[in-house]
Each structure stands twice: as structure tokens, then as C-alpha cells.
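K.L.:
Line by line, the protein sequences give chains H and R.
Here the first sequence is numbered in our numbering, starting from 299 and rising by one per residue.
Here the second sequence is numbered in our numbering, starting from 22 and rising by one per residue.
The beta carbon of each residue, even a glycine, is placed where N, CA and C say it ideally should be.
Computed from a prediction, not measured in an experiment: that's the story for all the values here.
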Amino acid sequence: DVKVTQSSRYLVKRTGEKVFLECVQDMDHENMFWYRQDPGLGLRLIYFSYDVKMKEKGDIPEGYSVSREKKERFSLILESASTNQTSMYLCASSSGLAGYLYEQYFGPGTRLTVT
Amino acid sequence: GNSVTQMEGPVTLSEEAFLTINCTYTATGYPSLFWYVQYPGEGLQLLLKATKADDKGSNKGFEATYRKETTSFHLEKGSVQVSDSAVYFCALSEREYGNKLVFGAGTILRVKS
Numbered sequence: 299d300v301k302v303t304q305s306s307r308y309l310v311k312r313t314g315e316k317v318f319l320e321c322v323q324d325m326d327h328e329n330m331f332w333y334r335q336d337p338g339l340g341l342r343l344i345y346f347s348y349d350v351k352m353k354e355k356g357d358i359p360e361g362y363s364v365s366r367e368k369k370e371r372f373s374l375i376l377e378s379a380s381t382n383q384t385s386m387y388l389c390a391s392s393s394g395l396a397g398y399l400y401e402q403y404f405g406p407g408t409r410l411t412v413t
Numbered sequence: 022g023n024s025v026t027q028m029e030g031p032v033t034l035s036e037e038a039f040l041t042i043n044c045t046y047t048a049t050g051y052p053s054l055f056w057y058v059q060y061p062g063e064g065l066q067l068l069l070k071a072t073k074a075d076d077k078g079s080n081k082g083f084e085a086t087y088r089k090e091t092t093s094f095h096l097e098k099g100s101v102q103v104s105d106s107a108v109y110f111c112a113l114s115e116r117e118y119g120n121k122l123v124f125g126a127g128t129i130l131r132v133k134s
């Protein structure tokens, strides 16, 4: 059974803290993605990666960075958390160069609250 | 740029009613189209997909047909169940757009017994 796991289901952090969200997939997928989900806005792409040590900005990268040191792991970093980063964060992975044909597999999400 | 528009919810139906959730898209080329479903407390999972015009995706009694002439991919089910209560997302992916998924805002479906 395919699996994408995220390090925490719920997280509460204070403004200004550095926050790490971890994502691991066991499907040997090349592509990995980070989204945030907000009511009425759907899912918006923050960053994605096609390969180890490669990263590309998505639609809303400001205030975030990412790291992909190993193929199976993709980390999202909030350098200095702010209250407007309170959201649900979803990680996903997909296969190969023809990824537009294939589904993305999603983790269960991390609900982050910044106070 | 690419975009997806789906009908606003919430949609509230009685069990065994017919369901339609409208989805239209804007894309520069020939995208693949997807419906994802998110059950309460879970991540998204693929419900069905279609990769070229006139393809019909189907799964668990749900269907959607890729209509290039109307740029639409409406989701339908003939008889909904309480267990279908979830959030439904329409999405597209395009090779020229780097294989990224572009999502609609999501439609909440509530089915009453």
C-alpha cells in the first residue's frame, strides 16, 4: 500500500519560531510537493521538487523554504513563523517525468497553528 | 494561466439523490483532469481521472467526462450515500505547466439520511 507520511498531525508554534514540517514517501517517486489548504481557496502550491537537491517555487513560496537531501524525504521550513501561516499543510508525491498523467498521493496533512 | 472553477458549496442532499458538481477549467494546452476527495480528517485521495478529450473517468459510482468543447469535467453520481459526505476537488495537470496540479476551491458535500 502506497504511503506518504507527515511528521505531525497537529502543531502549535509561536510567532517568530522556526518550524520544520517533514514528509516521507515510500513509493520511490521522483516528484514531491508541498501545498497549503485554506477554506474557500482550495490547495495552493508552495514548493515542489523533481529530484534530490532540486526545488522549484510554486505559487506562494514567500516565507517558506524547502530541503530535499534524500529522494524519499521533502521538508518544508518556515524560517520565522507568522500568524498568517496558520493553515493545513499537505505533502504529496507523484511518479516520473510524465507526472501530468498520473495522480499525486497525499499525506494526511499537518494542521499548523501559529499564535 | 491555468485555473479551475468549481461550484460553491456546501451541497446538501438526501440519501439516494442525484449528485452533480460542476467543474470548468482554463488551460493553454491539453491538460489531464482529476477529481480528488477528502474525507473528514484525512488527506486527499484520487477519485477518478481523464487524460484526453471524451475520456470518461469512473470510480465508486462516480463519473466525469472530459469535455474539451465546453472545457468542463463535471462530477456525477446517480445515488449518493451518507458515506459520500466529503470535500471534492477538481484539478488539472499539464505537461507544459511542469506537471503541477492546479486545484479548484473545493465543494463540500453533505448527505443526510
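By alpha-carbon positions, which one of H:GLN335, H:LEU309 and H:GLU367 ends up nearest to LEU65 (chain R)?
P.N.:
As a first step, residue 65 (chain R) must be located in the second sequence, where it is residue number 44. Minimum Cα distance to LEU65 (chain R) is reached at H:GLN335.
K.L.:
Taking the beta carbon of LYS70 (chain R) as the centre, do at least 16 other beta carbons fall within 10 Å, making it buried, or is it exposed?
P.N.:
Start at 1 with the first residue of the second sequence, and residue 70 (chain R) comes out as number 49. Buried: at least 16 other Cβ atoms inside 10 Å.
K.L.:
For the beta strand (DSSP E) containing LYS70 (chain R), name the first residue and the last one.
P.N.:
Here residue 70 (chain R) refers to the residue found at position 49 when the second sequence is read from its first residue. Element bounds for LYS70 (chain R): 65 to 71.
K.L.:
Could you give the DSSP three-state label for THR411 (chain H): helix, strand or coil?
P.N.:
Start at 1 with the first residue of the first sequence, and residue 411 (chain H) comes out as number 113. Of the three classes helix, strand and coil, the one that applies to THR411 (chain H) here is strand, per DSSP.
K.L.:
Taking GLU63 (chain R) as the query, report the chain H residues whose CB atoms sit under 7 Å from its CB, ordered along the chain.
P.N.:
Stepping through the second sequence from its first residue, residue 63 (chain R) is reached at position 42. Neighbours of GLU63 (chain R) on chain H, chain order: PRO406.
K.L.:
For THR381 (chain H), does the three-state DSSP call read helix, strand or coil?
P.N.:
Numbered from its first residue, the first sequence carries residue 381 (chain H) at position 83. Three-state result, THR381 (chain H): helix.
K.L.:
The beta strand (DSSP E) that contains ASP336 (chain H), what's its start and end?
P.N.:
If you number the first sequence from 1, residue 336 (chain H) lands on position 38. Taken as a continuous stretch (DSSP letters only), the beta strand (DSSP E) holding ASP336 (chain H) covers 329 to 336.
K.L.:
Can you look up SER365 (chain H) in the DSSP assignment and give me helix, strand or coil?
P.N.:
Taking the first residue of the first sequence as 1, we reach residue 365 (chain H) at position 67. In this structure, SER365 (chain H) counts as strand in the three-state DSSP scheme.
K.L.:
Between ALA85 (chain R) and LEU96 (chain R), how many whole angstroms is the CB-CB distance? I'm expecting something under 8 Å.
P.N.:
For the purposes of this step, residue 85 (chain R) is taken as residue 64 along the second sequence, with counting starting at 1. For the purposes of this step, residue 96 (chain R) is taken as residue 75 along the second sequence, with counting starting at 1. ALA85 (chain R) to LEU96 (chain R), Cβ: 5 Å. Contact.
K.L.:
For VAL302 (chain H), which of H:LYS311, H:GLU320 and H:LEU341 has the nearest alpha-carbon?
P.N.:
For the purposes of this step, residue 302 (chain H) is taken as residue 4 along the first sequence, with counting starting at 1. Checking every option, the nearest Cα to that of VAL302 (chain H) belongs to H:GLU320.
K.L.:
Could you check where the beta strand (DSSP E) with PHE372 (chain H) kicks off and where it finishes?
P.N.:
In the first sequence, residue 372 (chain H) corresponds to position 74, counting from 1. Residues 371 to 376.
K.L.:
Tell me whether LEU130 (chain R) is buried or exposed, calling it buried when 16 or more other Cβ atoms sit within 10 Å of its Cβ.
P.N.:
Locating residue 130 (chain R) in the second sequence gives position 109, counting from the first residue. The residue is buried, with at least 16 neighbouring Cβ atoms inside 10 Å.
K.L.:
How is SER104 (chain R) classed by DSSP in three states: helix, strand or coil?
P.N.:
Taking the second sequence and counting its residues from 1, one reaches residue 104 (chain R) at position 83. SER104 (chain R): helix per DSSP, three-state reduction.
K.L.:
Spell out whether any CB of chain H is found under 7 Å from the CB atom of LYS73 (chain R).
P.N.:
Here the question's residue 73 (chain R) lines up with position 52 in the second sequence. Answer no: the Cβ-Cβ gap between LYS73 (chain R) and chain H never drops below 7 Å.
K.L.:
Please list the partners that PHE55 (chain R) has in chain H, where partner means a Cβ-to-Cβ separation under 8 Å.
P.N.:
For the purposes of this step, residue 55 (chain R) is taken as residue 34 along the second sequence, with counting starting at 1. Near PHE55 (chain R) (Cβ distances below 8 Å), the residues of chain H are GLU401.
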